Amino acid sequence: MPITLPAVLRHDRMMQVVAVLFLLDTAVMVVGMPYAEPLWVTLLGRLLVLTGCVTLAFRERGPVPVAVVVLLLTALYYPLGEQDGALMMVLYALALHHLAVAGRLIAAGVLAGVTLLAIAYAEAVTRAHGGGNVDDMAFLLIIGWFVGVIAFGHATRVRQDYLQEARRRALAAERERDARAQQVATAERLRIARELHDVLGHNISLIHVQTAAALHRGAKRPGETAELVRALESARDISREALRELRATLGVLRQVDEAAPTAPTAGLDRLPELVDRARATGLDVRLVTEGEPVALSPGVSLAAYRIVQESLTNVTRHSGADTARVTVTHTPDLLRLTIEDNGTGDPGETTGSGIAGMTERARALGGVLTARTTGTGFRVTAELPLT
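Going by our numbering, the sequence shown opens with residue 1192, and the numbers climb by one from there.
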């Protein structure tokens, strides 16, 4: 039948060492050091040592009571017989060491001081009667032993605190990295959603207008197919453009190297195409350029294109307007966009995600965007700084 050790011996390295020391000390006293001493004294001494060993097993629950109990056992053990050995003092030193590890430096110092005073008093009384077991050198060694044990325990405590703080900081840094990564991922999802909204929303709205108009004309005038064909051809061209922009956007999103472009190819130079597609829906759109054009960064050019695109989408979708005007004003410091229509759209539409997306685009570049009704329609104004 296999021998099963108690749990305290299986998991506590110090108690394993103490158990081995107890067995060796007992073997030395029984076998290697025969002496004329009553058996009950030997058995009582072994019982005191064993009690001290067992008491140390509870040092985690109450380090101060354990140290006090071991001190009392030590005080009872050494005056008991002639052959005492050093194991009991080792147990007491371990108790003091754990006090220091537990952060009870004052308690460890007080108990060590009480022990030294007791040893000094007992030695003085013994010498007064012509005896003496502890000379001055041995007493100094005991002092050094206690100081070293407590100092080592304190150093262990400091190291444990340092490692614990290092682990805490590492966990905090990991949580911060995770939170930052989550924020970056969220921002990226919002950017992708905004980009896809701008790419698809405009063209799909135009396709909807064209197909609805074609169906209406076909139902009103079944015999006239020329206008129906033109409307369907326009819807086909717009859908082709939507697919092209979608592929360009997805191609950029798939590129992960730093040298990859960060924006689709749409820019301010493609505003005429955008206006032509809006005109194909029946909306009378005028494109006006003021000032001397200057070189624009890709980010500003893309943002300007998307703002005009979303504004024209809102005109065709919500306002019921039949005319619109897009004014692009170039200045040395900023690019101003003004999109006006003569529609009667509900001002409440300004709270939609389209206006919010345009506002966010302008804000990301350090610019501003306003959208409000006027006496004759609706106006979107964006100012994008060039530097």
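Backbone N, C-alpha and C fix where the C-beta goes; we use that ideal spot for every residue, glycine too. Computed from a predicted structure; not experimentally measured.
Per DSSP, the continuous beta strand (DSSP E) segment holding R1527 begins and ends at 1525 to 1532. Residue state for E1481 is assigned as strand, using DSSP reduced to three classes. For R1527 and A1512, the gap between their C-alpha atoms comes out near 22 Å.
Taking all protein chains shown into account, P1254 has 16 or more neighbouring C-beta atoms within 10 Å of its C-beta and is therefore buried. Straight across, the Cα-Cα distance linking R1358 with V1349 is about 14 Å. When DSSP states are grouped into helix, strand and coil, R1358 belongs to the helix group. If you draw a straight line from the Cα of L1462 to the Cα of P1489, it comes to about 14 Å.
For G1482, the CB contacts under 7 Å within the same chain, skipping 5 residues up- and downstream, are T1520, H1521, T1522 in chain order.
With distances taken between CA atoms, L1525 lies nearest to V1485 out of P1229, V1340, V1485. A direct Cα-to-Cα measurement between E1464 and I1498 gives close to 15 Å. Counting along the chain, the unbroken beta strand (DSSP E) around A1515 starts and ends at 1514 to 1521. Put simply, of A1555, A1363, V1257, R1371 the residue whose alpha carbon is nearest the alpha carbon of A1293 is V1257. Between L1560 and A1547, the CB-CB gap reaches or exceeds 7 Å.
When secondary structure is reduced to three states using DSSP, P1270 falls in the coil class, being assigned neither helix nor strand. As the crow flies, the alpha-carbon of H1288 is around 44 Å from that of R1371.
Cβ atoms of G1534 and E1501 stay farther apart than 8 Å, at about 15 Å.
Of the candidates V1491, A1299, L1262, D1532, L1262 places its Cα closest to the Cα of T1246. When rounded, the separation of the alpha-carbon atoms in T1564 and V1476 is 18 Å. Nearest Cα to G1568 within the set E1551, R1554, T1514: T1514. Secondary structure of E1251 (DSSP, three-state): coil. Here R1554 has no same chain residue with a Cβ atom under 7 Å from its own Cβ, once five neighbours each way along the sequence are excluded.
The C-beta distance from V1240 to A1284 rounds to 14 Å, too long to meet the 8 Å contact threshold.
Ranked by Cα distance from A1378, the first of A1494, R1552, A1319, L1235 is R1552. Here DSSP, grouped into helix, strand and coil, assigns R1348 to helix. In the DSSP secondary-structure assignment, D1475 is bridged to T1514.
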